[in-house]
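Protein chains: 2
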Amino acid sequence: MANRPPADIGAPLAEVDTPALVIDLDAFERNLTALPRLLQGRPARLRPHSKTHKSPIIARKQIALGAVGVCCQKVGEAEALVAGGVDDVLIANEIVGASKLRRLAALARQARIAVCVDDAGNITELEDAASELDARVTVLVEINVGSNRCGVAPGQAALDLARVVTASKHLRFDGLQAYHGSAQHIRNHDERRGAIERAIASARETKRLIEQAGIACPRVTGAGTGSFAFEAASDLYTELQCGSYVFMDADYNKNLDADGKARPQFEQSLYVWTTVMSRPTPDRAIVDAGLKALSVDSGMPAVPDFPQATFARASDEHGRLDISEAVDGLDVGDKLRLIPGHCDPTVNLYDWYVGIRRNRVECLWPVAARGALT
Amino acid sequence: MANRPPADIGAPLAEVDTPALVIDLDAFERNLTALPRLLQGRPARLRPHSKTHKSPIIARKQIALGAVGVCCQKVGEAEALVAGGVDDVLIANEIVGASKLRRLAALARQARIAVCVDDAGNITELEDAASELDARVTVLVEINVGSNRCGVAPGQAALDLARVVTASKHLRFDGLQAYHGSAQHIRNHDERRGAIERAIASARETKRLIEQAGIACPRVTGAGTGSFAFEAASDLYTELQCGSYVFMDADYNKNLDADGKARPQFEQSLYVWTTVMSRPTPDRAIVDAGLKALSVDSGMPAVPDFPQATFARASDEHGRLDISEAVDGLDVGDKLRLIPGHCDPTVNLYDWYVGIRRNRVECLWPVAARGALT
Chain R
97 MANRPPADIG APLAEVDTPA LVIDLDAFER NLTALPRLLQ GRPARLRPHS KTHKSPIIAR
157 KQIALGAVGV CCQKVGEAEA LVAGGVDDVL IANEIVGASK LRRLAALARQ ARIAVCVDDA
217 GNITELEDAA SELDARVTVL VEINVGSNRC GVAPGQAALD LARVVTASKH LRFDGLQAYH
277 GSAQHIRNHD ERRGAIERAI ASARETKRLI EQAGIACPRV TGAGTGSFAF EAASDLYTEL
337 QCGSYVFMDA DYNKNLDADG KARPQFEQSL YVWTTVMSRP TPDRAIVDAG LKALSVDSGM
397 PAVPDFPQAT FARASDEHGR LDISEAVDGL DVGDKLRLIP GHCDPTVNLY DWYVGIRRNR
457 VECLWPVAAR GALT
Chain Z
97 MANRPPADIG APLAEVDTPA LVIDLDAFER NLTALPRLLQ GRPARLRPHS KTHKSPIIAR
157 KQIALGAVGV CCQKVGEAEA LVAGGVDDVL IANEIVGASK LRRLAALARQ ARIAVCVDDA
217 GNITELEDAA SELDARVTVL VEINVGSNRC GVAPGQAALD LARVVTASKH LRFDGLQAYH
277 GSAQHIRNHD ERRGAIERAI ASARETKRLI EQAGIACPRV TGAGTGSFAF EAASDLYTEL
337 QCGSYVFMDA DYNKNLDADG KARPQFEQSL YVWTTVMSRP TPDRAIVDAG LKALSVDSGM
397 PAVPDFPQAT FARASDEHGR LDISEAVDGL DVGDKLRLIP GHCDPTVNLY DWYVGIRRNR
457 VECLWPVAAR GALT
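Heads up: the sequence lines are chains R and Z, in that order.
Quick note: the first sequence uses my numbering, first residue 97, plus one each step.
Quick note: the second sequence uses my numbering, first residue 97, plus one each step.
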């Protein structure tokens, strides 16, 4: 049931049908190399989060540039990555239920698979699945470092789970998942740094406690595009899970530096390519990208090429641009770029990436793990 | 690249993997029959909007119960419907660009296809495409009846376009698209009725003007699940485009009756089936349905079976339930139902419907037009 690609390779951008998910390949490639360069000399390795792109093609490019492997959130994503040639995957999430755990164990016989835990019963189920398939699974204990999502409290609770993992024959305890998701989007630089410094302190103390109990805790993994500089500077984190840096989005572009300026370290490389489908009044243009082409959970998309236009409202299949003054290039049939508010769930709405260089379609990459929910 | 179904036919609901899109088939079938019953004796025919379900299987059930055909928003949706055995489709939207118009014209050789227009240049392009393929396309002029989205102003502008259509050899003018989308979600009954009454007056006057010019205008089509009773009572609308009535959602369930009570005419039949994947604190449960499993544009999902729990926050792959008091049935591994805030874009995130009756999987239906963006 995959949909046809919205373009042929070699076609000019103007001919790409809309809405489409387009990558500016030059900007994308600069992002791919920029982050490893920023991390040079740091002990932390890059383990990019593939929940952003859901593409083994992009994951392999990241690994070729030095990433230790990638992470993902779902067993189905891990399956798509391994099938696409990725051999080191951290499922940076808890996996619950016998059928998913059996798939995870089976995958661990094909590739290096690690997973997070925050519950003793879940560890038992994971051990049972690994035992049934005679698989070895690497396990990280997730601690809550401030996002109040998954993860046990730092400290003793984490040590207790580490002991359960260590006592499980088919599981190998390797360290801590300490990801502060909500801190990624704190606009103010010092507040963002403060949140991450508290996370680092929690993780450091937990690692100390575990090692003091005689359990090796070599890996501390976490961080994202909004905060990685702080974790990288900690000398505690061994892996950084940045994902959005390859594409960026309107939300990440708003994070502020120490001087109060928004100065993104990465370029916007991902766009939704859309057509003006109606121009009923001078102050309104309707484009063909709405809620099924753009995730608006983190705000409306930006309209980078038309400062006179604001994306004001999304309905299922329509976007409304409010236009403050006369503007060329927004007539019926004209095409334009939008910057999605939030790249990850926007990517998940598409079957294809359309890679653009010098205004031509250079490649078509499937969003291989699109809809990999389980 | 379609994902595997999350269950086998015959399996108990408890074994359906999560997150999954489940239909309570009994409630769904009651909804399917309830709306035609409510319309008995009215001249308006039902033309359900398939952008809700994206399924020719469901469309055929609606037609078998008396619907005159269905509508959709995209050429790709119309292609999936026709391929699935639906022979009368209104694309209740403007279709712009030569490649889409050629596909539309080709489809009009296989089935009865109608489309909306609000621009003279677009009518010329549509005529060119129909001429090239020697196809006949039925055309409705869309008027803006209050949503401020697509559509020309009611009155003279619509007549002008009707004349252009009438002068086009391969196009047949059939009437007006007069859909007030934003009125569907006005909570207050009298305000909602007022908005629709103004829409009806606009459409009535426009039809009069067109007929006075000697152009037949037999069809007036529009309405939705939130407002159809008003349009049905108008003796103007000949078709009603309700879509959400088959499933309902948390947003539609909040619309108020004349007495200020929320008393939905249709039952909630669509759920997201989810698993508690983490229970880190007594007041917090994390489920495996986040932004990629639920559209939150119209608000967070409801938690119908646990009044002590509120779906407080969605991140990409997680939902956070805040729990006000001790509750059984929300331990790690427990599964529960969520009512999506907005059914249409939620359905578009899934490849499969899992039809449930008496707690067993009775059917697996593909979301055939999932991701049909172009």
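Beta carbons are placed, not taken as given, at the ideal position from N, Cα and C, and that holds for glycine.
Quick caveat, the model's predicted, so the values are computed rather than measured.
For the beta strand (DSSP E) holding residue i, just list the boundary residues, first then last.
i               : result
cysteine 313/Z  : Note, cysteine 313/Z: premise wrong, no beta strand (DSSP E); not H, not E.
alanine 116/Z   : 116–120
glutamate 238/Z : 233–238
leucine 200/R   : Element bounds for leucine 200/R: not the beta strand (DSSP E) but the alpha helix (DSSP H), 194–203.
glutamine 273/Z : 267–273
glutamate 413/Z : Unbroken run through glutamate 413/Z: none, as it is neither H nor E.
serine 374/Z    : 366–377
Could you check what DSSP says for residue i in three-state terms: helix, strand or coil?
i               : result
threonine 172/R : Looking at the sequence provided, one finds glycine at residue 172/R rather than threonine. Helix, per DSSP.
glutamine 158/R : helix
valine 471/Z    : Since the first residue of chain Z shown is 97 and the last is 470, residue 471/Z is not available in this structure.
aspartate 256/Z : helix
threonine 470/R : coil
arginine 359/R  : coil
Shortest alpha-carbon distance to residue i belongs to which of the options?
i               : options                                : result
alanine 194/Z   : Leu229/R, Val112/R, Ser243/R, Asp224/R : Val112/R
alanine 468/R   : Arg454/R, Ile452/R, Asp447/R           : Asp447/R
lysine 431/R    : Arg375/R, Ala188/R, Glu363/R           : Arg375/R
glycine 75/Z    : Ser278/Z, Leu236/Z, Glu287/Z           : There is simply no residue 75/Z to check, as chain Z begins at 97 and stops at 470 in what is shown.
arginine 245/Z  : Asp401/R, Thr406/R, Asp393/R, Ile382/R : Ile382/R
threonine 442/Z : Gly429/Z, Val368/Z, Asp384/Z           : Val368/Z
valine 457/R    : Pro102/R, Asn99/R, Leu109/R, Pro101/R  : Leu109/R
proline 397/R   : Pro403/R, Lys388/R, Phe407/R           : Phe407/R
alanine 410/R   : Pro400/Z, Ser394/Z, Val211/Z           : Ser394/Z
histidine 438/R : Leu387/R, Leu135/R, Ala422/R, Arg289/R : Leu387/R
arginine 300/R  : Leu222/R, Leu117/R, Tyr333/R, Ala312/R : Tyr333/R
valine 185/Z    : Val211/Z, Ile105/Z, Arg100/Z           : Val211/Z
serine 243/R    : Val233/R, Ser264/R, His281/R, Pro436/R : His281/R
glycine 247/Z   : Val428/R, Ile435/R, Ala358/R, Arg466/R : Val428/R
alanine 254/R   : Lys303/R, Glu287/R, Phe402/R           : Lys303/R
glutamate 173/R : Arg100/R, Leu197/R, Ser146/R           : Ser146/R
Might you give, ordered along the chain, the residues of its own chain that have their beta carbon closer than 8 Å to the beta carbon of residue i, omitting 5 neighbours on each side?
i               : result
glycine 217/Z   : none
threonine 129/Z : Leu161
alanine 249/Z   : Ile239, Asn240
glutamine 252/Z : Leu305
alanine 405/R   : Ala381, Val399, Leu417, Asp418, Ile419, Ser420, Val423, Leu426
threonine 148/R : Gly339, Ser340, Val342, Phe343, Cys439, Asp440, Val443
Using a Cβ-Cβ distance under 9 Å, would residue i count as near chain R?
i                : result
valine 416/Z     : Just to set this straight, residue 416/Z is arginine in the shown sequence, not valine. For arginine 416/Z, the answer is yes, since a Cβ of chain R falls inside 9 Å of its Cβ.
glutamine 169/Z  : yes
threonine 321/Z  : no
serine 420/Z     : no
lysine 350/Z     : no
asparagine 218/Z : yes
cysteine 338/Z   : no
arginine 294/Z   : no
leucine 469/Z    : yes
Using a Cβ cut-off of 9 Å (strictly closer), state whether residue i contacts chain Z.
i                : result
cysteine 459/R   : no
threonine 302/R  : no
isoleucine 209/R : no
tyrosine 333/R   : no
leucine 387/R    : yes
tyrosine 446/R   : yes
Excluding the 5 residues flanking residue i on each side, which residues of the same chain have their C-beta closer than 7 Å to its C-beta?
i                : result
leucine 131/R    : Leu142, Cys338, Tyr341
alanine 464/Z    : Lys150, Ser151, Pro152, Ala176, Gly180
tyrosine 348/R   : Thr321, Gly322, Ser340, Pro360
arginine 156/Z   : Gly181, Val182
glutamate 335/R  : Ala140, Arg141, Arg143, Val164, Arg315, Thr317
asparagine 455/R : Pro108, Leu109
valine 260/Z     : Ala216, Ile219
valine 178/R     : Val185, Leu203, Gln206, Ala207
isoleucine 292/R : His276, Ala279, Ser323, Phe326, Glu327
Kindly list the residues whose CB is nearer than 6 Å to the CB of residue i, restricted to its own chain and excluding five residues on each side of it in sequence; keep chain order.
i             : result
alanine 201/R : Ala225, Ala226, Leu229, Ala231
Along the chain, where does the alpha helix (DSSP H) that runs through residue i open and close?
i               : result
aspartate 440/R : 439–443
arginine 288/Z  : 285–308
leucine 432/R   : No alpha helix (DSSP H) holds leucine 432/R; the beta strand (DSSP E) holding it covers 431–434.
alanine 216/R   : 216–228
glutamate 190/R : Looking at the DSSP string, glutamate 190/R is not in any alpha helix (DSSP H); the run it does join, the beta strand (DSSP E), is 184–190.
Within 8 Å: the Cβ of residue i and any heavy atom of the ligand SAM?
i             : result
glycine 386/R : As for the ligand SAM, it is missing from this structure, which has no ligand bound.
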